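Peer 1: What the sequence shown shows, in our numbering, is residues 29 to 185, in sequence order.
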Amino acid sequence: FPNLRGKSYIVLDQSSSLTGYCVVLPGGKFEHGDFVPSKDKDFESRCFEVAQLLTELIEKHDPAFVAFESIYMSANASVAMKLGALLGMLELVAMSNDVPFAVVESMRWKNFFSITGSRDEQKAESIAQASQYIKNVTEDSADAFNMARYIWQNQEK
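1. Let's see if you can read the secondary structure: which residues bound the alpha helix (DSSP H) around F140?
2. Quick one: residues in its chain with C-beta nearer than 7 Å to the C-beta of F140, no 5 flanking neighbours on either side, listed in chain order?
3. How about R74: is its C-beta nearer than 8 Å to some C-beta of chain B?
4. Return the CA-CA distance between S154 and W137, expressed in angstroms with no decimal places.
5. Can you give the beta carbon distance from D168 to D90, rounded, assuming they're within the 8 Å contact cut?
6. Quickly, what does DSSP pair I143 with across the bridge? List them, please.
7. Quick check on DSSP: helix, strand or coil for T166?
8. What separation, rounded to the nearest whole angstrom, lies between the Cα atoms of S106 and M123?
9. Which of the three DSSP states is assigned to Y178 in this structure?
10. Could you tell me whether the region 140 to 149 touches the region 111 to 126, where touching means 3 or more Cβ pairs closer than 8 Å?
11. Please classify M175 as buried or exposed, where buried requires at least 16 neighbouring CB atoms within 10 angstroms.
12. Compute the Euclidean distance between the alpha carbons of S199 and F63, then round it to the nearest angstrom.
13. Can you tell me where the alpha helix (DSSP H) with E87 in it begins and where it stops?
14. List the endpoints of the continuous beta strand (DSSP E) containing V94.
15. Cα-Cα, which of L115, N31, Q181, E184 is closest to E97?
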């Protein structure tokens, strides 16, 4: 990862139903939360709403870098294709705004922080680790926050 000291960067744990985000700001401050697209809209419209969220975060924070969590390769090919389409839209938003980006494999950051076990155990551990630093954390915002920590600890010196 590039050297991000003194710069802001954005991390997303994206999906079309709930997207967790973390914005790391200069001075060690951050903003985090969950974004829930309109449930009554079709998949493409929900993806567009997530892309709009990223656009707004980029316009507000002028980040030096954006990271997306890699798609979960589920046994359901349709789900994997949809998540891939959303990831492509978000990569296009970053490129259109001249913001460098990376896709981070979830197992890389989870293994770095010893988040292992069943899916439920991983959720609980991610929330527990993020809760040491932030309040009102959900699974998705915890994952985005922990991925931001991973990037910070693995950036170029």
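Here a beta-carbon is modelled for each residue, glycine too, at the ideal position from N, C-alpha and C. Every value quoted in this text rests on a predicted model; they were computed, and no experiment measured them.
Peer 2: In this structure, then:
1. 134 to 140
2. Y178
3. In the displayed structure, chain B is absent; only one protein chain is listed.
4. 10 Å
5. About 24 Å separates the two Cβ atoms, so there is no contact after all.
6. I143 is not bridged to any residue.
7. coil
8. 26 Å
9. helix
10. no
11. buried
12. The chain is shown only over 29 to 185; residue 199 falls outside these bounds and no answer can be derived.
13. 71 to 89
14. 93 to 97
15. L115
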